[in-house]
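Residue numbers (the UniProt record's numbering), protein chains in the order written: chain A, 1 to 342; chain B, 1 to 342.
All C-beta atoms, glycine included, are put in the ideal place defined by N, C-alpha and C.
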DNA sequence: CTGAAAGCGCTAACAC
DNA sequence: GTGTTAGCGCTTTCAG
């Protein structure tokens, strides 16, 4: 494969000149620039980023650490980031980061330590103090999605506020007998989304003077998880509410499937509201709070590239950019028809 | 950051010795090896893969080209490959490859040309002759998932056979009035999955002496896509079949949701079979043919690493490893209850 | 504006 | 077994 020396020889200039011409850094006469570019094209020259980064320290590649690839929110973020990065000429290297484990440590101690990237985006991972230090010590900018990280700009939605908003929507329709079905604190995801959404729910209910004991059912954070809990909760008329705030659209959809299977009409007999803006929301008539994963992804990339451009900002970059959630109405929420419990 | 020279100095040996001790290549006495390793740990030395690959040509990184990140099959493959690669110390760099477009070309001409990886895995992408040449010219092994690529080992299921099997299952239950709902040839995915599954369906139907005109309805290859077609097909009793072979589980689920919404009992009134082995199959009582994305991913990685280990194989590696599909019974298929059309 | 030379961090020959 | 030397492909002083 051709090296810059070949280009230089063909163009009749020195390696240094060819380098300047191709990279755009440093003075080159327009005439020689054209000659060099032509020569490069002729032999199909593509610079070796390895060699370049060895001297510049820049790799034109960014690392992404993420706990899941196949869950909707995460894959959506990933896809949007990939698009944005590719457009800027960056590679994206993926590190699937499990919860605390030897593999997790190896990502930090080995993979990330190799410094093959100019920056890191952490998606939905609450980094430990030690891990943040580790990353900072690499001297590479870091941007987060999903929740606050000390000394790191982060993009997120306000989970407490979103949960409160969703619950208040149901309350405003006249519901009093509302259940929250969401993640278990035990297998909490990072940034405590589960507890935060529960907190927002309780807050709204308390403010409205509603009872909350027995109003929360934990479930696995998936569609089948919601389905299973739905089957058991709806089977007993005594535990059947008039409305449900589900911690995610996937859970909400599982609940709707279970309800329909038991002959409960949604939204007629039961109102359901979720969070995410999942593409399936429409076909299940689900009202939802969009959290715009793609926008979060693009914003994270933009933030990272900005830091890369002017590292000066780094010192004081400790802010959390909170994206507003949008309430998207479909037809799954309506007033209570025949309140059974309140 | 510390370089190997620092380690060498601290251990009181030469750079080369330190390199040998750390990489395990070449003779080093156990005693010095320990000294070097201790020194490396002491200063937290991690080798720069950039510098190493500059001389060895190996990068310990593999590139993945893939058309979608957020569709179930693809994200599942991705996640399994990431796991397998990480375990072997490889980075995974992602290139989201759209259909023919300038961005697609740029992936080949710029990103892949940078040769930042030891090999490439192509997932669900039918590469053009030119693109295959392009990759071969890089001198890096290439492995595919999803369908045959000239001169490249590939892992796939046999789409025609799978479709035939699914259809025959319905036929064996006594159904005659079977519809196929699947992807449109117009926006065909790579490797012609759409047409191949249609072909398998037609073949089984013809063999059983069933009519097939009007038996195929195209739809978008998603859950909402199946839902929309389901609503229109099921609304008219004249077009309502006793059984359906859906080209994917997502389509199948959309169909089931639509059917239920129209008061059609699944599986009582309508049998549905899909392909994929989607995790939601159970909650929708869907019978499906598993195509094991995770196994395909792991196999692709293993194949690539094997080629990396002994490049000799490369010349004659033109085979297609066809993975068997497993019929997974849930409760969505049963004999016809009240055949309307046959 | 361009060229020559040094060197990024590492490994591979080849001496010793 | 270990050290010395050269050089991977590029960018970047620093002269000219």
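Proximity of residue i and residue j at Cβ, strictly below 8 Å
i	j	result
residue 291/B	residue 155/B	no
residue 245/B	residue 320/B	no
residue 116/B	residue 59/B	yes
residue 230/A	residue 263/A	no
residue 64/A	residue 132/A	no
residue 163/A	residue 185/A	no
residue 227/B	residue 247/B	no
residue 183/B	residue 193/B	yes
residue 205/A	residue 239/A	no
residue 62/B	residue 304/B	yes
residue 16/B	residue 36/B	no
residue 242/B	residue 270/B	yes
residue 70/A	residue 76/B	yes
residue 256/B	residue 284/B	yes
residue 97/B	residue 120/B	no
residue 282/B	residue 330/B	yes
residue 19/A	residue 114/B	no
residue 149/A	residue 165/A	no
residue 106/B	residue 44/B	no
Min CB distance residue i to chain A below 8 Å
i	result
residue 221/B	no
residue 193/B	no
residue 110/B	yes
residue 115/B	yes
residue 197/B	no
residue 23/B	no
residue 46/B	yes
residue 260/B	yes
residue 4/B	no
residue 359/B	Nothing in the structure corresponds to residue 359/B, since chain B is present only between 1 and 342.
residue 7/B	no
residue 290/B	no
residue 279/B	yes
Neighbour flag for residue i against chain B, beta carbons, 8 Å
i	result
residue 120/A	no
residue 51/A	yes
residue 333/A	no
residue 205/A	no
residue 282/A	yes
residue 140/A	no
residue 217/A	no
residue 295/A	no
residue 43/A	no
residue 30/A	no
residue 67/A	no
residue 78/A	yes
residue 131/A	no
residue 153/A	no
Heavy atom of the ligand PLP within 7 Å of residue i beta-carbon
i	result
residue 255/A	Absence of the ligand PLP is noted for the structure shown, with no ligands found whatsoever.
Residue i in three-state terms, based on DSSP
i	result
residue 115/B	coil
residue 170/B	helix
residue 184/A	coil
residue 63/A	strand
residue 224/A	helix
residue 82/B	helix
residue 329/B	coil
residue 7/B	helix
residue 256/B	helix
residue 245/B	strand
residue 70/B	coil
residue 293/B	helix
residue 90/A	coil
residue 29/A	coil
Whole-Å CB distance - residue i paired with residue j, under 8 Å assumed
i	j	result
residue 93/B	residue 93/A	5 Å
residue 181/A	residue 219/A	6 Å
residue 111/A	residue 91/B	7 Å
residue 11/A	residue 39/A	4 Å
Exercise for review: Can you give me, in chain order, the residues of the stretch 90 to 103 of chain B that have a beta carbon less than 8 Å from any beta carbon in chain A?
Suggested key: 91, 92, 93, 94, 95, 96, 103
Review point. Mind listing which residues of the stretch 234 to 257 of chain B have their C-beta closer than 8 Å to chain A's C-betas, in chain order?
Key: Answer set for the stretch 234 to 257 of chain B: 254, 257.
Check your understanding: Mind listing which residues of the stretch 161 to 191 of chain A have their C-beta closer than 7 Å to chain B's C-betas, in chain order?
Key -> none
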